[in-house]
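Q: Please see the structure below; I have some questions.
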Amino acid sequence: MKEERKGMLIVISGPSGTGKGTICARMLAEDPSLVFSVSATTRKPREGEQEGAHYFFLSEEQYDELLDRDEFLEHATVHGHRYGTLKSQVQKRIDQGLNVVLDIDPQGARQVMARRKDCVSIFILPPSYAELRRRLHTRNTDDPAEIERRLGNARGEIEQMDRYQYAVVNDDLDAACAQVRAVIQAEKQRTTRYFPVVE
Ligand code: 5GP
């Protein structure tokens, strides 16, 4: 059986603290057809983060230069830092038949969904606001006022969930991963992307 597959753009988004990064990491580890779109950011690297693997860590000036050259598919300011998806991370790899995964915030997801109607969009939800607050606290990276601000943002983002094609509640990580995996698998089989040749 000869077959050909077109690559796709997969947008995984959701409020801060829903665990979308962990879900993306799992999907990428298990499916070699998936590749991660490494974003540019002006925030400083955290311990263990590597340039070019987690992010391209840029100065404000370097980031402005990329903006001027129209190098971003989308960009947004998230929690006081700037982040953007580089066009160079996306189209070339889709043309090679790879599936490019974006782990981006809802502001950026809106831009991608508007520009790339062919993308697959998945919104990751927390099981409750109480649980989201608990997760934001245990991350221990933010002060209480910042946590309340993120919870407020989360409410607005969740109200606009219907902009996305799919919603997955991350109550149990294995179950959420199974649902995201099922979406990706089904999307791969679309006849607009999958071309088996029956001999
Ligand atoms: P962190 O700094 O914790 O890695 O990420 C903070 C937030 O920024 C997360 O919600 C993450 O999904 C989002 N983010 C990471 N890269 C991008 C990007 O290129 N564009 C947008 N819009 N958001 C991003």
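Just so we're aligned: the sequence shown equals residues 128 to 326 in this note's numbering.
For glycine and all other residues, C-beta sits at the position ideal for the given N, C-alpha and C.
Taking 7 Å as the line, does the beta carbon of Glu201 fall inside it for any heavy atom of the ligand 5GP?
A: Working through the sequence shown from its first residue, we reach residue 201 at position 74. For the ligand 5GP, at least one heavy atom lies less than 7 Å from the Cβ of Glu201.
Q: What are the start and end residues of the beta strand (DSSP E) that includes Ala167?
A: Along the sequence shown, one-based indexing puts residue 167 at 40. Start and end: 166-168.
Q: Do the CB positions of Ser109 and Glu198 come within less than 8 Å of each other?
A: Only positions 128 to 326 of the chain appear in this structure, which leaves residue 109 out of reach.
Q: Could you check if Met128 is buried or exposed, using at least 16 other CB atoms within 10 Å of its CB as the buried criterion?
A: Along the sequence shown, one-based indexing puts residue 128 at 1. That one is exposed.
Q: Below 7 Å, is the gap between the Cβ of Tyr210 and the nearest heavy atom of the ligand 5GP?
A: Taking the first residue of the sequence shown as 1, we reach residue 210 at position 83. Yes, Cβ of Tyr210 sits closer than 7 Å to a heavy atom of the ligand 5GP.
Q: Can you tell me where the alpha helix (DSSP H) with Gly283 in it begins and where it stops?
A: Here residue 283 refers to the residue found at position 156 when the sequence shown is read from its first residue. 271-286 is the span of the alpha helix (DSSP H), which, as asked, contains Gly283.
Q: Assign His208 to one of three DSSP states: helix, strand, or coil.
A: Within the sequence shown, numbered from 1, the residue matching residue 208 stands at position 81. Correct three-state label for His208: strand.
Q: Are the Cβ atoms of Arg290 and Arg237 separated by less than 8 Å?
A: Numbered from 1 along the sequence shown, position 163 holds the residue referred to as residue 290. Numbered from 1 along the sequence shown, position 110 holds the residue referred to as residue 237. For Arg290 and Arg237, yes; Cβs fall inside 8 Å.
Q: Run the proximity test for Asp270: is its beta-carbon closer than 7 Å to any non-hydrogen atom belonging to the ligand 5GP?
A: Walking along the sequence shown from the start, residue 270 turns up at place 143. Not under cutoff, so the answer is no.
Q: Compare the C-alpha of Thr169 against each of His208, Glu286, Ala241 and name the closest.
A: If you number the sequence shown from 1, residue 169 lands on position 42. Of the candidates His208, Glu286, Ala241, the one whose C-alpha sits nearest the C-alpha of Thr169 is His208.
Q: Less than 7 Å between C-beta atoms, sequence neighbours within five positions excluded: which residues of the same chain meet that for Leu161?
A: Taking the sequence shown and counting its residues from 1, the one referred to as residue 161 is at position 34. Correct list, in chain order: Met154, Leu155, Asn226, Val228.
Q: Would you kindly report the start and end of the unbroken alpha helix (DSSP H) that includes Glu314?
A: Start at 1 with the first residue of the sequence shown, and residue 314 comes out as number 187. Its alpha helix (DSSP H) spans residues 300-315.
Q: Do the stretch 297-314 and the stretch 239-254 meet, that is, are 3 or more Cβ pairs less than 8 Å apart?
A: As far as the Cβ criterion goes, the stretch 297-314 touches the stretch 239-254, which means the pair count is three or higher.
Q: Taking all protein chains shown into account, do 16 or more other C-beta atoms lie within 10 angstroms of the C-beta of Gly146, making it buried, or fewer, making it exposed?
A: Here the question's residue 146 lines up with position 19 in the sequence shown. Counting Cβ neighbours within 10 Å, Gly146 comes out buried, since at least 16 surround it.
Q: Look up Arg153 in the DSSP assignment and say whether it is helix, strand or coil.
A: For the purposes of this step, residue 153 is taken as the residue at position 26 of the sequence shown. Here Arg153 sits in helix by DSSP.
Q: What residue range does the alpha helix (DSSP H) around Lys219 cover?
A: Indexing the sequence shown from 1 puts residue 219 at position 92. Looking at the DSSP string, the run of the alpha helix (DSSP H) that includes Lys219 is 218-222.
Q: Of all the options Glu131, Val165, Val307, Leu278, which has the alpha carbon lying nearest to the alpha carbon of Ser255?
A: Taking the first residue of the sequence shown as position 1, residue 255 is located at position 128. Cα-wise, what sits closest to Ser255 is Leu278.
Q: Using a threshold of 7 Å, is the CB atom of Arg170 nearer than that to any non-hydrogen atom of the ligand 5GP?
A: Numbered from 1 along the sequence shown, position 43 holds the residue referred to as residue 170. Because some heavy atom of the ligand 5GP lies under 7 Å away, the Cβ of Arg170 counts as near it: yes.
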